[in-house]
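All the letters of the sequence shown, read from the start, carry residue numbers 0 to 147 under numbering that gives the first Met the number 0.
The C-beta atom is built at its ideal place from N, Cα and C for all residues, glycine as well.
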Amino acid sequence: MNARASADKRPPGTTVRPQRTTALVSRLMGMETEYATLAVDPQNLSSEDLPASLFVYEQICEAIRRDQPTAKGLFDSEQMFLASGGAVTFESNPAMHDLPGGLIEIATPEVRSPEELLTCQRSIDQLVADATAESETSYDLRVLKNKL
């Protein structure tokens, strides 16, 4: 019997498994966040005079397009994909496109770690805030983070 076998306290026939140095399964993760849109109304306009939700969405998307490369969705022409792999979608029923307000949903790209996901989430928060501030309209547009 060699020295290694005598020091080993495992029962005979037991195999030694190497310690795992990588994750068992690599998973992709991403998040979708809704942002409510609104126009600040310092002139006390009637609801008919406020910008339609589709107009607000288009203005925000146009500001994003001026900042980075994008591509339209194949099956939804209102959807926009970002160079990062994220996506911007207008969340509305077509019957509500002409009404004020609305929701924009922005998805992060798919990533492999919580740290990357948090970085991407903070990036899209800043992206939508900047795009709203830089939209070329006479309205004072705002977005509110509707969900995490």
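Just mark residue i as buried or exposed, buried being the case when its beta carbon has 16 or more other beta carbons within 10 Å.
i, result
"Met-79", "buried"
"Ala-86", "buried"
"Thr-88", "buried"
"Thr-131", "buried"
"Phe-54", "buried"
"Ala-70", "exposed"
"Ser-134", "buried"
"Ser-45", "exposed"
"Ser-25", "exposed"
"Pro-50", "buried"
"Val-39", "exposed"
"Ala-94", "exposed"
Do you know how far the Cα of residue j is from the Cα of residue i?
i, j, result
"Val-142", "Val-15", "57 angstroms"
"Thr-36", "Gly-101", "5 angstroms"
"Thr-13", "Gly-72", "56 angstroms"
"Leu-116", "Ala-106", "11 angstroms"
"Cys-119", "Asp-48", "36 angstroms"
"Pro-11", "Gln-18", "20 angstroms"
"Asn-43", "Asn-92", "26 angstroms"
"Asn-145", "Met-30", "13 angstroms"
"Ile-59", "Val-127", "7 angstroms"
"Lys-8", "Arg-111", "39 angstroms"
"Leu-140", "Ile-63", "14 angstroms"
"Asp-124", "Phe-74", "25 angstroms"
"Pro-113", "Gly-84", "17 angstroms"
"Asp-129", "Ser-122", "10 angstroms"
Which stretch, first to last residue, makes up the alpha helix (DSSP H) that contains residue i?
i, result
"Thr-118", "113-132"
"Glu-109", "Careful: Glu-109 lies outside any alpha helix (DSSP H) and carries neither H nor E."
"Phe-74", "Run containing Phe-74: none; DSSP gives neither H nor E here."
"Ser-52", "52-66"
Report the partner residues of residue i according to the DSSP bridge assignment.
i, result
"Arg-141", "Leu-37"
"Leu-102", "Ala-35, Glu-90"
"Asp-81", "For the record, residue 81 in the displayed sequence is Leu; it is not Asp. Paired residue(s): Thr-69."
"Met-28", "Val-110"
Which whole-angstrom value is the C-beta distance of residue i and residue j, which I expect to be below 8 angstroms?
i, j, result
"Leu-27", "Glu-109", "4 angstroms"
"Leu-98", "Ser-137", "At roughly 19 angstroms, the Cβ-Cβ gap does not stay under 8 angstroms, so Leu-98 and Ser-137 are not in contact."
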